[in-house]
Ligand SMILES: [Zn+2]
């Protein structure tokens, strides 16, 4: 047996019809539900026969998700069991049987668009890994696409026997995703920006004072981390100095973020984005 796909009831959206009803129904038999954690993220309650499947899937998948798996909102512990109807209408959702998970929901909104390579976002390889373990990935559905969602299409008996088969594609070397521990708040009012040192305006701060240089160093380190600026070019502009390379990085960042105004300087809005998880990679 190469994988579990041939045992799966793909395309069948009534879990009770392939074994999850009756004695295996966690709504009637709540003792079937157990808490599920992966890499420190709490998914809430899960059907105990689903645990081997999601353990295998996430063991293989999570190294491919930039930044790994996270739950930013402690209140959101319904990543798995949730006795509700499908969001899109119709029968009881796979969540209602404790056999579906939602991963990094805030980065993978339903109806959203994938931005593969962004922190927290489900990669294209999710398709292959999910199928291999008898699961469907919501990102494969034509409408609505549900990127965060993976659900089990194996019977409980087969699900309970799933083991991690080994990775078909080794994950790329983990790239640390930078979330600054405590981002410095933007220090100016409306009229002042960070920008080229040579600008004679007193409203453009490019490294005249020690305070400006601290901030410019921070901005440049974020540009370097997200691939807008090489360390070499950052150093060429000077330590804590906003030079031509930093200006080019800033314009590139503005374009990548989809701002209407592309500039060589940075005000409160783009600064705040750059320091947050909204920052896109180049
Ligand atoms: Zn879901």
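In my numbering, the protein residues as written are 1 to 282. From the three backbone atoms N, C-alpha and C, an ideal C-beta is built for every residue, glycine too.
query                                                                                                         : result
Proximity below 8 angstroms, CB of residue 216 to CB of residue 227                                           : no
Contact set for residue 79: own chain, Cβ-Cβ below 6 angstroms, skip 5 residues either direction              : 43, 44, 101 and 102
Three-state class that DSSP yields for residue 163 in the structure shown                                     : coil
Cβ pair residue 205, residue 192 closer than 8 angstroms                                                      : yes
Closer than 7 angstroms: residue 50 CB and nearest ligand 1 heavy atom                                        : no
Inter-stretch contact at 8 angstroms, needing at least 3 Cβ pairs: the region 25-36 / the region 47-58        : yes
Contacting residues, own chain, Cβ-Cβ under 7 angstroms from residue 83 (five flanking each side not counted) : 27 and 96
Proximity test, residue 290 beta-carbon vs ligand 1 heavy atom, cut-off 7 angstroms                           : This structure gives no information on residue 290, because the portion of the chain shown stretches from 1 to 282.
Coil, strand or helix - residue 293 by DSSP                                                                   : Limits of the chain in this structure are 1 at one end and 282 at the other, which puts residue 293 out of reach.
Check: residue 140 C-beta below 7 angstroms from any heavy atom of ligand 1                                   : no
Same chain only: Cβ atoms within 6 angstroms of residue 73, ignoring 5 sequence neighbours per side           : Since pLDDT at residue 73 reaches only 46, below the 50 mark, its modelled position is unreliable, and no value is offered.
Cα-Cα separation between residue 298 and residue 195, rounded to whole angstroms                              : Here the chain covers residues 1 to 282 and nothing more, so residue 298 does not appear.
Nearest-angstrom beta carbon gap, residue 167 and residue 60 [assumed within contact, 8 angstroms]            : 5 angstroms
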